[in-house]
Structure formats: structure tokens, C-alpha cells
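Enquirer:
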Amino acid sequence: MIIGRAGKHFDETEAADYIAGYTIFNDITARDIQRREMRSGVFSFCKAIDTFCPLGPWIVTPDEVGDPHDLEMSLRVNGERRQESNTSHMSVTIPQILAHYSALGYSPGDIISTGTVSGVAGFRENAAEMYLRPGDVVECEIERIGTLSNPVISWQQAYGVPAPPLRRW
């Protein structure tokens, strides 16, 4: 969700008044780094690497989306469907999420992610085989919002130099 106006301490009945629109948020995680961070108890870097939060392909207004609790969602890697669900299966509603975190305060342009579709590669038996590799293309699709397509490239491709060594905890 994209927040459209500032607000703080509001309830579920007011939540819709703060939504300017919806977009797709592709939550990329470096699972190898995350597993090391899990041992230390500090989570920050595994989701905060440059390019790890692509958004798009555009912002769709609430009237164009209709009921946000009845949208088909899927994720494909190289055309292979890996995750699929419907927003009706969310454990909490969008108004509940917005109201709960409103104590922190919102500003126009804030982006709130609602979570992922079941089937995350990092928690499957064959997780290592499913990790993304340079050359892969990830497509996130949400009904009435669109498809966000992201190519996976190596550090070398992006920066022209080998990746720096990972620090060990």
C-alpha cells in the first residue's frame, strides 16, 4: 500500500482514508546472509542490499483495485510458478495492519508491505536449488495491479568488479 496522507493513532474504520494506492513490493532476501544473521539475532542486512526492494510496475488507486482482500497473487521464476495464493488468505486485513502500525505515524508516500504468498524458496526442502541466480527473471503478479518483472544479475554485472567478501560473524 502507498500511504496518501499523514496520520497517527487511527482505527480500522478510518484506515481506507489513508490509502493512496497499491503497488507490488518484491521482498528480496539474501538467505545465505539471513541464516548467519539468525545466529547473531540481528536482522538488517539480508533485506537491505541495494536493489532488494523493487516496486511497481505502477501505483493503482483503490477504486481501480476494488476489494483488496480478493486478489490473485503469484510469483514466477523463469516462467515457473513458485508461489500462488489469494489476498483472501491473509491472516490479517489491510485495515488491521494500517491501524496497528498507525501508532508509529504515517507520512504521504510511506509504503506498507503486507507480507508474502506461501511457498518461499528459503523454507523449502530443496531451498538451495531454488535460490535465484544471475540470468533468472522474477515475475510478481497481483490481479488488477499488474506484473513486476525483475532480472537477476550478478554483482560483477552490476558494478564491473567482483563482489566484496562477506563478513563472518
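Sequential numbering of the sequence shown, starting at 94, is according to the numbering used here. Glycine included, C-beta positions come from ideal geometry on N, C-alpha and C.
(1) Alpha carbon to alpha carbon, how far is residue 203 from residue 83? Give it in angstroms, no decimals.
(2) For residue 248, tell me which candidate among 142, 117 and 190 has the shortest Cα-Cα distance.
(3) Take the Cβ of residue 195 as the centre, count every other Cβ of all protein chains shown within 10 Å, and call the residue buried at 16 or more, exposed below.
(4) Under a Cβ-count criterion, where at least 16 other Cβ atoms within 10 Å of its own Cβ denotes burial, should residue 241 be classed as buried or exposed?
(5) Do you know whose CA, among 205, 135 and 254, lies nearest residue 188's CA?
(6) For a minimum of 3 consecutive residues, which ranges assigned as the beta strand (DSSP E) are wholly contained in the stretch 101 to 165?
(7) Contact between the stretch 224 to 231 and the stretch 101 to 115: three or more CB pairs below 8 Å?
(8) In whole angstroms, what is the alpha-carbon distance linking residue 172 and residue 185?
(9) Which first and last residues belong to the beta strand (DSSP E) in which residue 241 is found?
(10) So, helix, strand or coil for residue 205, using DSSP?
(11) Could you spell out where the beta strand (DSSP E) holding residue 234 opens and where it closes?
(12) Once you ignore the five residues that flank residue 150 on each side, which residues in its own chain have a CB closer than 6 Å to its CB?
(13) Please tell me whether residue 230 and residue 166 are closer than 9 Å, where the distance is taken between their beta carbons.
(14) Compute the Euclidean distance between the alpha carbons of residue 139 and residue 126, then round it to the nearest angstrom.
(15) Sorted by chain position, which residues of the same chain lie with C-beta nearer than 6 Å to residue 108's C-beta, five sequence neighbours on each side aside?
(16) Are the Cβ atoms of residue 197 and residue 180 separated by less than 9 Å?
Expert: In short:
(1) Because residue 83 is not part of the residues shown, which for the chain are 94 to 262, the question remains open.
(2) 142
(3) buried
(4) buried
(5) 205
(6) 112 to 118 and 148 to 153
(7) no
(8) 30 Å
(9) 239 to 244
(10) coil
(11) 230 to 235
(12) 239 and 241
(13) no
(14) 5 Å
(15) 188, 191 and 192
(16) no
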